[in-house]
Every structure is written in C-alpha cells, then in structure tokens.
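First the structure, in the form of structure tokens, and then the observations on it.
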Amino acid sequence: MKTDVEIAQETKMDNIKNIAAQLDLDEDDLELYGKYKAKISINTWKKIKNKKNGKLILVTAINPTPAGEGKTTTSIGLGDALHSLGKKTAMSLREPSLGPCFGIKGGAAGGGYAQVVPMEDINLHFTGDFHALTSAHNLLAAVLDNHLQQGNALDIDVRTITWRRVVDLNDRALRNIICGLGGKAHGVPRETGFDITVASELMAILCLADDLQDVKKRIGSIVVAYNHAGEPVRADDLKVTGALALLLKDAIKPNLVQSLEKTPAFIHGGPFANIAHGCNSVLATKYALKLADYVVTEAGFGADLGAEKFIDIKCRAAGLKPDAVVIVATVRALKMHGGLPKQELAKPDLKALEAGMENLCKHIENIKMFGLPAVVAINRFPTDTEEEIAFLENSCKKLGAEFSLSTVFTDGSKGAVDLAGKVMRAADRESSLQFPYTVEMSIREKINAVAEKIYGADGVDYTAAADKMIAQMEKLNFAHLPVCMAKTQYSLSDDMTKLGRPKGFRITVREMRLCAGAGFIVALAGNILTMPGLPKKPAAENMDIDSSGKITGLF
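For the sequence shown, the numbering used here assigns the number 3 to the initial residue and increments by one for each residue that follows.
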C-alpha cells in the first residue's frame with residue numbers, strides 16, 4: 003500500500019471556498035491561506051450563534067499501546083462515512099505538534115485513505131498557530147526575566163517562578179537549564195527549563211476561550227510566580243496581557259481544511275493530553291456544531307485521560323455534551339494489554355485477547371458512568387481472525403455497547419458506513435451527561451473521584467510537596483477549579499507497566515500545578531515529561547524534499 007503522504011499527494015483537493023460552501027459559509031467568512039486552507043472570521047459567530055447545534059460525536063480509545071489504535075484515522079473515516087450518507091458533517095480535530103512529527107509518534111492528520119489534507123501543511127507549519135503561541139509564551143518569559151533585571155518591583159521570589167519557556171520540538175537537552183549567565187548585564191541567573199509548546203498554559207487557554215476578550219481575561223490571570231509574601235504574581239502584574247493577546251489575534255480563529263473525501267474539517271489547537279486537557283478548541287467545536295448536523299471530534303490518548311478531561315474540563319467550561327462516544331480499539335492492542343509481547347501480536351491468541359478485553363471493558367463502563375451511549379470501533383488489521391472478532395463482538399454486546407468493524411485506513415468512508423449508522427442511532431437516544439465530581443468538592447475529593455471512579459484505584463496518596471501545594475491553592479481560593487490529572491497514558495494506573503485493567507493499586511500525586519488562566523489545577527502522578535526527547539532514530543531522518551517541492555518520508 004502507498005504511504006500516507008503518497009496517497010495525500012495524489013488526491014485532487016477542492017478549493018476551500020467550495021468546502022466552506024457545504025457549511026453555508028461564503029467568502030466573507032473566510033481568511034484564505036492559499037487555495038486549500040482558511041481561517042474562519044471571528045465575526046462569523048454573530049451570524050451563526052443562534053442556530054441549533056448539531057450532534058456531537060466524541061471519539062476516544064483504549065489505553066494506547068505501541069501496537070497502535072488509529073483514533074484520528076477512525077475519526078476522519080467516520081466523518082467521511084457520515085458525509086457519504088448525505089449528512090451535513092464536519093470534523094473538529096487537534097493540530098499536530100512538530101515534536102512528535104519529527105520524533106517517533108508521527109503526525110495527527112489520519113492515515114491511509116482517511117486523512118485530512120493538505121497533510122504536509124497540517125503536520126508542519128499549517129497557519130502558524132503554534133508559532134504564535136510559542137512567541138506569546140516566550141514573550142511572557144522574557145518580560146518576567148526583564149522585570150527581575152530591572153529591579154524586581156513586584157518582589158518576586160525567584161525560587162517560585164513557574165513560567166518556563168517553550169519550543170515546538172522534542173529537545174531533552176532543554177528540560178533543565180540555567181539562564182542569566184554571563185555577568186550582571188545578561189540577566190539574573192536562575193534555574194528554569196523548556197517545555198514543548200503544546201504543554202503551554204497559553205495553548206490550554208486558546209482551546210478553552212470563547213473569544214479574544216476571554217483570551218485576554220484568562221492570560222491576565224496566569225500565575226507566573228509568587229512574591230516573598232507568598233502572594234501570586236500574574237501576567238496582568240507584568241502589564242503584558244495586551245501584547246500577548248495581540249500575538250494570538252489570528253491564532254484564535256479556527257482553521258478549515260478538508261478530508262480526502264472533501265468533508266469539511268476544523269483543525270484548531272492541540273494541548274498536551276497529559277499535562278492539559280488534550281482536546282481541540284472550544285471555538286472550533288462550537289463553530290462546527292452550529293454549521294453541521296454531525297460533528298466528529300476526538301480527545302487525546304485513552305478514555306481515562308482524553309475523554310475524562312473532555313467531559314470534566316471542556317464540556318464543563320463550554321456547556322457542551324457529547325451525544326455519543328466511539329471507543330477505538332484493535333485486536334492487536336487488546337492482546338498486548340492481555341500480556342502478549344509486541345512481536346507476537348500477529349498470532350491468534352484468544353486467551354490474551356480475553357485478558358486484554360478488561361481494558362476495553364473499563365472504558366465502556368466509564369463512558370456509561372458519564373451517562374453516554376458507547377459504540378466500540380475495532381480498527382481491523384489483516385491478521386485479525388474471525389474467531390477473535392466474534393469474541394469481541396459478543397463481549398461488547400454483554401456490556402451493552404454497540405460494536406462495529408472499521409477498515410477506513412484501506413477503504414476510506416466505505417470502511418465506516420456500518421459504524422456511522424450505529425453512531426447515528428446512538429446519538430438519537432436520550433442521554434444525560436453526568437460528572438464524576440462537582441466543582442464544590444475539595445481538591446482531594448476531586449482527585450479521589452477520578453482515581454477511584456475512572457481509573458479503578460483503591461485510593462490516592464500524596465507526597466509532602468503535593469500536600470503543601472494543595473494547602474497553598476486552598477488558601478489562595480483556587481479549590482473551586484476542576485482537576486486535570488497528569489499521568490501515563492499507557493495504563494489506567496500511574497505505572498506504565500501495568501497494562502490491561504490493574505487491580506489493587508493506589509495513585510500517588512507527587513506534585514500540583516496551578517493553571518489559573520486556563521481554569522484548572524494539574525495533579526501530577528508518576529513521571530510526566532513536559533518536554534519529550536527524540537528516539538535513537540528520529541522520524542526526521544526519513545524526510546526530504548526535492549527540487550520540485552515534493553515531500554517524501556512524512557509518514
């Protein structure tokens with residue numbers, strides 16, 4: 003089979019004006035970036051805000067494995083299938099980060115015959131949103147260090163500075179640095195470091211804000227450090243809120259592209275699914291819901307991280323509610339959760355599949371706990387046997403979840419027609435969204451609710467450092483914020499080696515972080531890196547461009 007980039011390059015794209023016309027948008031609603039990309043004008047919201055919302059379909063997955071699940075590919079294939087059935091459909095997905103693109107994970111534009119295009123642009127610089135975020139984040143860091151250099155009128159305790167710098171690449175050498183070296187004229191020496199751009203609080207703010215004024219309000223509330231009296235120092239105190247918002251004036255506008263099958267796709271924002279909420283922007287989702295009858299969106303990693311945060315953070319903040327949830331899995335990944343080594347996943351093994359099914363079972367239970375209908379999509383591989391498929395289908399029926407096979411990677415929309423039909427039926431059912439905790443609960447009660455209800459933990463332990471930070475947040479009146487759990491994506495627990503559905507474990511919260519601008523508190527469990535590193539053989543080594551501008555090696 004051809005590579006993703008070869009398939010994408012052979013596709014004849016439609017002019018983005020024609021794609022927009024499917025959603026009843028005209029040229030005045032678009033800010034064009036060439037023939038195939040556009041941003042949607044912020045003024046368009048006034049025209050569409052009173053329209054009835056379409057159906058919101060959330061695509062999530064089991065805990066990811068090196069065997070692969072295909073969540074974004076399934077999301078795009080499902081959107082194309084709904085579109086092929088004559089439904090007014092839009093997708094609302096995240097933008098890829100350059101870090102994973104040049105590292106090991108790959109891009110986030112789908113795969114095979116279920117892709118969004120132009121995939122080269124989407125996976126690289128796109129419309130410059132990530133560059134704008136990087137510049138804004140680092141401007142705040144520069145102003146902060148300049149304030150220290152110019153006399154520190156705010157009496158900032160240098161040891162309490164929480165605002166690091168960012169770059170949209172995987173660069174482990176920048177995780178921990180000392181800045182301000184070289185003498186008095188070159189700044190105040192201090193320990194700091196870099197995170198990847200998608201881990202920036204500004205990214206979370208962009209993806210949770212309602213409009214540019216909301217962005218400004220949230221930016222002003224960012225806590226960058228504390229003074230010697232223990233009081234928070236905010237971006238507003240540094241008088242840089244307006245400048246940061248100015249840098250984001252275009253980045254806040256949702257991007258419109260298309261799939262290989264000409265389905266409209268909003269691609270906007272991409273917060274880190276560990277350290278933040280891992281969903282595309284509220285603005286893009288709201289625009290899509292007003293413009294289409296069915297909107298397919300996705301959340302990062304497995305349902306224990308992405309779907310939980312989609313509901314507890316994004317839906318809570320934006321007043322959204324999914325009408326149905328698709329849980330993506332593969333036979334290969336489930337067998338790996340069942341204890342089968344990666345090199346043996348092509349072999350039939352019902353025993354390993356049955357053991358691994360426990361991971362999918364927990365995610366189905368969680369989606370039903372949220373009060374939402376679940377549809378299981380099995381992304382089929384050629385090595386899957388009929389016996390294995392039948393076992394999964396029977397298991398899902400016993401759990402009260404619809405079951406469908408997906409072959410969108412090789413067949414495009416035709417490979418998800420059955421899935422689309424089951425999703426539409428599920429979305430028509432009456433459902434009522436239920437949150438696992440209320441914002442009135444204490445910080446510990448919220449953390450315990452997620453750990454025990456969503457992960458299946460027996461309880462939560464806190465380090466002395468975490469206890470101290472919780473006390474500080476409570477004293478500063480931040481206890482009302484929802485909690486963003488940061489843990490490994492590979493396990494329901496905080497130990498990445500515990501696959502399947504672990505039992506008899508506890509979660510250890512080692513650190514707490516405040517994201518006052520974004521509007522949530524981060525609880526870190528396990529060793530979560532906010533600046534990934536490159537593998538021994540980065541994907542970047544396979545990429546090239548020829549004299550005609552043709553790209554190769556990009557997946």
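Glycine included, each C-beta is placed from N, C-alpha and C at the ideal position.
Predicted, not measured: the structure shown is a model, and the values here were computed from it.
How about proline 2 and serine 415: do their beta carbons lie closer than 7 Å?
The shown model of the chain, from 3 to 557, leaves out residue 2, and the question about it has no answer.
Rounded straight-line distance, which links the Cα of glycine 189 to that of leucine 58:
50 Å
Under the three-state DSSP convention, the category isoleucine 59 falls into:
The DSSP-derived three-state label of isoleucine 59 is strand.
Figure out for me which residue from Gly551, Met545, Ala253, Ser549 has the closest Cα to the Cα of threonine 5.
Nearest C-alpha to threonine 5: Met545.
Which residue comes first and which comes last in the alpha helix (DSSP H) that contains glutamine 345?
Per DSSP, glutamine 345 belongs to no alpha helix (DSSP H) and is neither H nor E.
Skipping 5 residues on each side, what residues in its chain have a beta carbon closer than 7 Å to that of isoleucine 207?
Val217, Arg220, Ile221, Gly519, Ala520
Looking at alanine 541: is its Cβ nearer than 7 Å to the Cβ of phenylalanine 104?
yes
Supposed contact pair alanine 294 and lysine 90 - C-beta distance, whole angstroms, cut 8 Å
Correct: roughly 5 Å between the Cβ atoms.
Just curious, the beta strand (DSSP E) that tyrosine 228 is in, first and last residue?
225 to 228
Buried or exposed for methionine 514, please, with buried defined as at least 16 other CB atoms from any protein chain shown within 10 angstroms of its CB.
buried
Check whether the region 370 to 390 touches the region 32 to 43, counting contact only when three or more Cβ pairs, one atom from each stretch, lie closer than 8 Å.
Contact fails: fewer than three Cβ-Cβ distances are below 8 Å.
Taking just the CA atoms, how far does leucine 135 sit from cysteine 398?
For cysteine 398 and leucine 135, the distance between alpha carbons rounds to 42 Å.
Excluding the 5 residues flanking leucine 342 on each side, which residues of the same chain have their C-beta closer than 7 Å to its C-beta?
If you ignore the 5 residues before and after leucine 342, its C-beta comes within less than 7 Å of the C-beta of Asp351, Ala354, all in its own chain and listed in chain order.
With a cut-off of 8 Å on the beta carbons, I'd call leucine 250 and alanine 138 a contact; round off their distance for me.
6 Å
From this set, Leu60, Val284, Gly417, which residue's C-alpha is nearest isoleucine 254's C-alpha?
Of the candidates Leu60, Val284, Gly417, Val284 places its Cα closest to the Cα of isoleucine 254.
Name, in chain order, the residues that DSSP records as bridge partners for glycine 101.
Within the DSSP secondary-structure output, glycine 101 pairs in no beta bridge.
Give me the Cα-Cα distance between isoleucine 369 and threonine 490, rounded to the nearest whole angstrom.
20 Å
Between the alpha carbons of phenylalanine 507 and glycine 461, how many angstroms are there, rounded?
Answer to the nearest angstrom: the Cα atoms are 8 Å apart.
Report the option in Ala231, His230, Gly232, Ala247 whose CA atom is closest to the CA atom of aspartate 238.
Ala247
The alpha helix (DSSP H) spanning leucine 291 covers which residue range?
Residues 284 to 293.
Could you check what DSSP says for leucine 322 in three-state terms: helix, strand or coil?
Correct three-state label for leucine 322: coil.
Pick helix, strand or coil for arginine 508, following the three-state DSSP scheme.
coil
Kindly indicate which three-state DSSP category glycine 130 falls into: helix, strand or coil?
In the structure shown, glycine 130 falls within a coil segment according to DSSP collapsed to helix, strand and coil.
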